[in-house]
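Here is the structure we will look at, set down as structure tokens.
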Amino acid sequence: MKIVINILENIAGIEIYPIISMLLFFIFFILVTYVTLRTNESEIEEMSRMPLDHDNDLSSKPHSN
Amino acid sequence: MELQKFTYDNKLSNLFLWATVIWGVVGMLVGLIAALELIFPQMSGNLPWLVYSRIRPLHTNAVIFAFVGNGIFTAVYYSMPRLLKTPMYSKLLGGIHFWGWQLIIVLAALTLPFGFTQSKEYAELIWPIDVLVVLIWVVFGLNMIMTLVKRRVKHIYVSIWFYLATWVTIAVLYITNNLVIPTSFTHSYPIYAGIQDALVQWWYGHNAVAFFLTTPILGMMYYFIPKAANRPIYSYKLSIIHFWALIFLYIWAGPHHLLYSALPDWAQALGVVFSVMLIAPSWGGMINGLLTLRGAWDKVREDPVLKMFVVAVTAYGMATFEGPMLSLKTVNAMSHFTDWTIAHVHIGTLGWNSMMNFGMIYWLVPRLFNTKLWSTKLANVHFWIATLGMLFFSIPLYFAGFTQALMWKQFTTEGFLAYPNFLETVTQILPMYYLRAFGGSLYIIGALMFVYNVVKTAQAGSFVRFEHASAPAKELPKAKEGFHRRLEGRPLQFTLAALVVILIGGLLEIVPMYLVKENVPTISAVKPYTPLELEGRDIYIREGCYLCHSQMIRPFRSETERYGEYTKAGETVYDHPFLFGSKRTGPDLSREGEKTLPNYKPNSWHFNHMQNPRKMSPGSIMPAYPWLIENEIDLSHTVAKINAMIKLGVPYGDGYADQAVADLNAQAEQIVVDLQANGIQVDKNKEIIALIAYLQRLGTDVYKNK
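Quick note, the sequences are listed as chains A and B, same order. No gaps in the numbering here: position 20 of the first sequence is 381 in the numbering used here, and each next residue is one more. No gaps in the numbering here: position 410 of the second sequence is 995 in the numbering used here, and each next residue is one more.
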């Protein structure tokens, strides 16, 4: 561990990493948004209905005695 | 296509559900005891295990890991099989998970009140229990991932992404924050020290809020609100975007717990920026939850389940707006160390977490027991009393926070502190502490109604252990599919992607902190603690002193006037663990030992004060610690402790451990002689001597050069 620390602490300007990360976030965010918005509407609709899509289980028929 | 038949086994969700109910009441009652002890400090009497500073971690751990934790597992074990159309992978793993988790809770209850603690907030459990937590967590994760592999559906619903992100992130956080060197079976020192330890701890602490109290509850929200309202989530696309944004941003926000501390400015700035940005994904989730109910508000009027969910999601929205505001440095300058934080946290816990749990259980019990809720009326009363209880709890604490912060910062026209005696600022807000206890009591009365109602419901029906279902066999993924479609179709890769996303934040924030030497400028006057002071420090940790006393003077005139020089990073380099604290129910102790400061107290004062704080400070709400005068210092691990410190790089010098006990006795003798001169007879081997030695050392090093 010590060796690793010694090597890394000599990297000039390591403080720039957070800025890189901020950029990473923005790129990542734009990508996620782009991919999501391009997703097929019918698939989205299908996925959003997953919790309600229980044909045989009791939970779709509450209070049944 | 051929339909495959299978059964859902409700046993584990039912077990976790009742564990949630039981631990919820226990955790809240422990909280009420703590609240009452702040008003009636004599309440703990001579019982060490009942003292506020040992009970408070029990409360936080019980409500977080026992109440909310079991609630999360209830949701996971109920919703996952239904969303994936397959039973959970292994009943054995599920059973180990359930009983292992309950064992951890019991072990926590058997260690924390007895002073076995690591002192890091929400990471207090000692290392052998930590090992157990990690093992059980792995069992839980294995069961989830294997269930995903066996699924019969193509897509993985968003709730499950939240469960997976929870699992992977908590694993990383928990292990990183609990890396310690054991000195005995019940004691250890963290490998990090001072400001670095603080950064790791609050990276963990903040993300315990993010990934234990938020993401899994959002998973719960995305399943149970559509179920209860019988309509799909408002925007599934929004849920995808806010999921990734939330986990990416949350991991960075930890340093906002250390604003104006000795943490380097760049790290503080990062914490602020990412905290403010968090409003967007958090509100994305809130809006998505609330808008799901559009067109169903007539149901909300009647259904206690939906009422609970609406208040929960609203409280989530409030808390996630307030959080970023509190992380602005100007606001934080006022809010930090005051009851404002406690109020903020309880909007989150009493509002968001508990109401989600209550709503889910009110919805689930009738279904698990194939009957109707025993009393909708009682559930409605519970809803109102819980909402009022939350407000009665939090609003007075907001006022307490504002009042105390303003009093701390108030100067007279002559330029002196208007309230130089800290105690004045405490007695001023005591009425608010009464109201808080009242609000908490209301909330617990509501919780008891809830218990009665769900028990009655269960008794009225009969447990439906197995539910039969059928679904077509899984289709194989098609070759031409979108990127996210393919990613979410592969649970292992998905988990890995989530891991990478949170590691980017974690590593880029934490690693530079360790690597850049200028982050912790060394101060030559700062020396390691003597063996007696080290033992005293461990007693300070055992008793939980850090829960009410900070050791972090911020660079404000109002603080340097009151407490002395502001705290430097270099002063904390031998502090394994750091003891900055997060709340000032009592004054800061960073410079308690410095004789040149106006608040200096002699040894005899500390002796009498520990025996009975009200003898020295009439009106004080600090509990008495009379057992410190009776108990003898445990010297059996002193050598191991010194050796562990040497291993961690504390410069005691090779072989110092051999003379540690002799040095300890010599220093103790000096304090005994001083106490004798002031008419106090005490043996040098008593714990109070070590604690006094530690308190008298605090903050003195940097004054030696002056």
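Note that the Cβ used here is the ideal one computed from N, Cα and C, for glycine as well.
Taken in chain order, the unbroken stretches of alpha helix (DSSP H) that lie wholly in the stretch 1173-1220 of chain B and span 4 residues or more are 1188-1196, 1198-1201 and 1212-1215.
Nearest Cα to Phe389 (chain A) within the set B:Tyr1131, B:Ile832 and B:Phe591: B:Ile832.
In the DSSP assignment, Ile766 (chain B) falls within the beta strand (DSSP E) that extends over Val765 to Pro767. Residue environment: Ala1247 (chain B) is assigned as exposed (fewer than 16 neighbouring CB atoms within 10 Å of its CB, all protein chains considered). A straight line joining the alpha-carbon of Arg816 (chain B) with that of Leu876 (chain B) spans about 11 Å. Contacts with chain B at 7 Å (Cβ-Cβ) do not include Ile391 (chain A). No alpha helix (DSSP H) of 4 residues or more sits fully in the stretch 948-990 of chain B.
A straight line joining the alpha-carbon of Ala708 (chain B) with that of Val653 (chain B) spans about 16 Å. In the structure shown, the three-state DSSP call for Phe1023 (chain B) is helix. Boundaries of the alpha helix (DSSP H) harbouring Thr800 (chain B): Thr800 to Ala814, taken from the DSSP string. Taking a contact to require three or more Cβ pairs closer than 8 Å, the stretch 1144-1151 of chain B and the stretch 1163-1175 of chain B qualify as touching. Residue contact with chain A for His1191 (chain B): absent (no Cβ-Cβ distance below 7 Å to any residue of chain A).
Taking Asn762 (chain B) as reference, the option from B:Arg737, B:Trp712, B:Val734 and B:Tyr748 with the minimal CA-CA separation is B:Trp712. Inter-segment contact for the stretch 713-722 of chain B and the stretch 778-796 of chain B is absent: fewer than three beta-carbon pairs are separated by less than 8 Å.
In this structure, Thr605 (chain B) lies near Asn655 (chain B), with their beta-carbon atoms less than 7 Å apart.
Taking a contact as a CB-CB distance under 8 Å, the pair Ile405 (chain A) and Tyr1037 (chain B) does not count as one, their CB atoms being some 42 Å apart. Close partners of Ile405 (chain A) in chain B (Cβ separation under 7 Å): Tyr821 and Lys822. Assignment of Thr592 (chain B) by DSSP, reduced to helix, strand and coil, places it in the strand class.
Ranking B:Met941, B:Thr1115 and B:Pro951 by CA distance to the CA of Ala971 (chain B) puts B:Met941 first.
Ile607 (chain B) and Leu614 (chain B) have their C-alpha atoms roughly 11 Å apart. When the alpha-carbon of Arg1142 (chain B) is set against those of B:Trp1212, B:Met729, B:Ala1045 and B:Gln995, the nearest one is in B:Gln995.
Residues of chain B whose Cβ lies closer than 7 Å to the Cβ of Phe387 (chain A) do not exist, since the nearest Cβ in that chain is about 10 Å away. Bridge partners of Ser1055 (chain B) according to DSSP: B:Lys590.
Annotation: Cβ neighbours of Leu398 (chain A) in chain B (cutoff 8 Å, chain order): Lys822. In this structure, Trp746 (chain B) sits near Phe828 (chain B), with a CB-CB distance shorter than 7 Å.
Contact between Leu597 (chain B) and Met665 (chain B) does not hold, since the beta-carbon distance rounds to 11 Å and is not under 8 Å. If the five residues before and after Tyr901 (chain B) are omitted, its C-beta is found closer than 6 Å to the C-beta atoms of Met871 and Trp937, all from its own chain and listed in chain order. A residue is called buried once 16 or more other Cβ atoms fall within 10 Å of its Cβ, and Leu632 (chain B), having fewer, is exposed. Under the three-state reduction of DSSP, Tyr774 (chain B) is assigned to strand.
Secondary structure note for Asp1259 (chain B): its alpha helix (DSSP H) is the uninterrupted segment Ala1242 to Ala1262. The DSSP-derived three-state label of Lys705 (chain B) is coil. Listed by position along chain B, the residues whose Cβ is nearer than 9 Å to that of Leu413 (chain A) are Pro811, Lys812, Asn815, Arg816 and Pro817. With its beta carbon less than 7 Å from one in chain A, Phe833 (chain B) belongs to the interface. Counting every other CB atom within 10 Å of its CB across the protein chains shown gives Asn1006 (chain B) a total below 16, marking it as exposed.
Going by DSSP, Leu913 (chain B) is part of no alpha helix (DSSP H) at all; its letter is neither H nor E. Its chain contains Lys1269 as the residues whose beta carbon lies nearer than 7 Å to that of Asn1250 (chain B), once the 5 sequence neighbours on both sides are disregarded; these appear in chain order.
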